[in-house]
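Take a look at the structure below.
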Amino acid sequence: MRYKWILYTLTTLLVVSCNSYKQVDKHQQAERVAPQYVIANISGQIVEMSQEQGTHAEMQAFVDKYKVTLDKQMNEVIGTSSEFMQKGRPESLLTNLTSDVMKAYGDQNMEGGADVSIMNVNGHRSTLPKGDLTLGNLFEVYSFDNTITFLEVKGEDLIKIFEAYARIGGAGISSNARLTISDRKLKSASLDGKSIEIDKIYNVVTIDYLADGNDNMKAFQDAVSINNTGITLRDVMIDYVREQTAEGKQISSQLDGRITIE
Numbered sequence: 004m005r006y007k008w009i010l011y012t013l014t015t016l017l018v019v020s021c022n023s024y025k026q027v028d029k030h031q032q033a034e035r036v037a038p039q040y041v042i043a044n045i046s047g048q049i050v051e052m053s054q055e056q057g058t059h060a061e062m063q064a065f066v067d068k069y070k071v072t073l074d075k076q077m078n079e080v081i082g083t084s085s086e087f088m089q090k091g092r093p094e095s096l097l098t099n100l101t102s103d104v105m106k107a108y109g110d111q112n113m114e115g116g117a118d119v120s121i122m123n124v125n126g127h128r129s130t131l132p133k134g135d136l137t138l139g140n141l142f143e144v145y146s147f148d149n150t151i152t153f154l155e156v157k158g159e160d161l162i163k164i165f166e167a168y169a170r171i172g173g174a175g176i177s178s179n180a181r182l183t184i185s186d187r188k189l190k191s192a193s194l195d196g197k198s199i200e201i202d203k204i205y206n207v208v209t210i211d212y213l214a215d216g217n218d219n220m221k222a223f224q225d226a227v228s229i230n231n232t233g234i235t236l237r238d239v240m241i242d243y244v245r246e247q248t249a250e251g252k253q254i255s256s257q258l259d260g261r262i263t264i265e
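Be aware that the sequence shown starts at 4, since it is given in the working numbering, and climbs by one per residue.
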């Protein structure tokens with residue numbers, strides 16, 4: 004009994020002691036006040052950058068570590084171009100190439116194939132050189148992470164897209180299309196030699212940026228269906244160049260009158 008009593012007494016003392024500590028601790032916390040900070044001074048200066056200042060050694064070493072690996076990847080020759088290509092309106096070698104590759108991708112991956120492809124001019128950020136094409140060349144031209152998007156569009160809305168093309172003086176479109184523009188107005192439009200039927204549903208290949216209605220393509224917002232593939236246009240173009248190279252072919256394009264300005 005004696006040991007039990009002593010143990011009970013010690014336990015009671017410990018409990019009381021702990022409770023007292025908690026009460027004091029809570030009381031102290033209540034008295035604490037969060038520190039208040041006030042901005043004492045704001046200053047700034049213009050730091051002019053020039054080559055005369057030299058490089059920051061530590062930062063240069065950090066960049067160089069990754070640059071060696073990146074340069075090795077970007078300098079890989081993946082194909083050959085038969086000619087120099089650049090963007091332009093109403094059509095151009097570069098926008099025609101991109102649009103035709105997009106149309107072919109849609110033919111392979113859309114149920115029923117693609118009726119037409121639509122691509123903006125400024126989605127191309129550089130030119131393709133004549134001769135060797137490196138992976139870096141493709142990254143420079145298709146620097147945005149635009150993704151291939153499949154749309155089902157009513158004929159009446161497709162005509163609105165072509166009318167927008169007329170207002171901006173043309174842009175990228177697949178070779179099976181023929182647009183005639185006069186005084187920035189659409190004079191005629193056809194696909195595969197046939198006029199656009201306003202009630203027909205057309206399969207369109209474009210990029211997500213345009214599918215969202217940007218760059219005057221607002222009619223795409225009324226699409227019957229939209230399927231963003233998540234595949235970047237850049238990857239599609241890189242795969243195309245590699246495939247052509249594997250078949251022993253050069254990358255080529257042509258101006259074929261798909262858009263005519265009168």
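A virtual CB, placed ideally from N, CA and C, is assigned to each residue, including glycine.
Could you tell me whether the Cβ atoms of residue i and residue j are closer together than 9 Å?
i, j, result
"Ile151", "Val208", "yes"
"Ile254", "Leu131", "yes"
"Leu258", "Glu86", "no"
"Asn78", "Phe153", "no"
"Ala2", "Met220", "This structure gives no information on residue 2, because the portion of the chain shown stretches from 4 to 265."
"Lys163", "Ala222", "yes"
"Asp169", "Arg181", "The sequence given here places Ala at residue 169; Asp does not occur at that position. Cβ distance not < 9 Å, so Ala169 and Arg181 don't count as in contact."
"Leu100", "Ser256", "yes"
"Arg92", "Ala214", "no"
"Thr232", "Asn149", "no"
Is it buried or exposed for residue i, if we count other Cβ within 10 angstroms and need 16 for buried?
i, result
"Gly126", "buried"
"Asn123", "buried"
"Pro38", "exposed"
"His30", "Any reading at His30 is ruled out, since the residue's pLDDT is 48, under 50, leaving its predicted position unreliable."
"Ile210", "buried"
"Ser228", "exposed"
"Ser53", "exposed"
"Ile184", "buried"
"Leu73", "exposed"
"Asp195", "exposed"
"Ile45", "exposed"
"Ser84", "buried"
"Thr98", "buried"
"Ala60", "exposed"
Give the C-beta separation of residue i and residue j to the nearest angstrom, bearing in mind that I take them to be a contact with Cβ-Cβ under 8 Å.
i, j, result
"Ser177", "Asp238", "About 19 Å; that fails the 8 Å criterion."
"Leu141", "Val244", "7 Å"
I'd like the list of long-range same chain contacts for residue i, defined as Cβ closer than 6 Å, with 5 residues on each side in sequence excluded.
i, result
"Gly116", "Asp110"
"Ser120", "Ser102, Met105, Lys106, Ser177 and Val208"
"Val156", "Tyr205, Val207 and Ala226"
"Ile264", "Pro93 and Ile184"
Skipping 5 residues on each side, what residues in its chain have a beta carbon closer than 8 Å to that of residue i?
i, result
"Ser129", "Asn140, Glu143, Val144 and Ser146"
"Ile81", "Leu136, Thr137, Leu138, Leu141, Ile241, Val244, Arg245 and Thr248"
Less than 7 Å between C-beta atoms, sequence neighbours within five positions excluded: which residues of the same chain meet that for residue i?
i, result
"Gly158", "Ile199, Glu200, Ile201, Asp202, Lys203 and Tyr205"
"Lys76", "The question names Lys, but residue 76 in the sequence shown is Gln. So the list reads Leu138, once near-sequence residues are dropped."
"Gly216", "Phe223 and Gln224"
"Asp118", "Leu194, Tyr205, Asn206 and Val207"
ask   = Taking one C-beta from the region 193–206 and one from the region 54–66 each time, how about it: are there three or more such pairs within less than 8 Å?
value = By the Cβ test, the region 193–206 is not in contact with the region 54–66, since fewer than three Cβ pairs between them sit closer than 8 Å.
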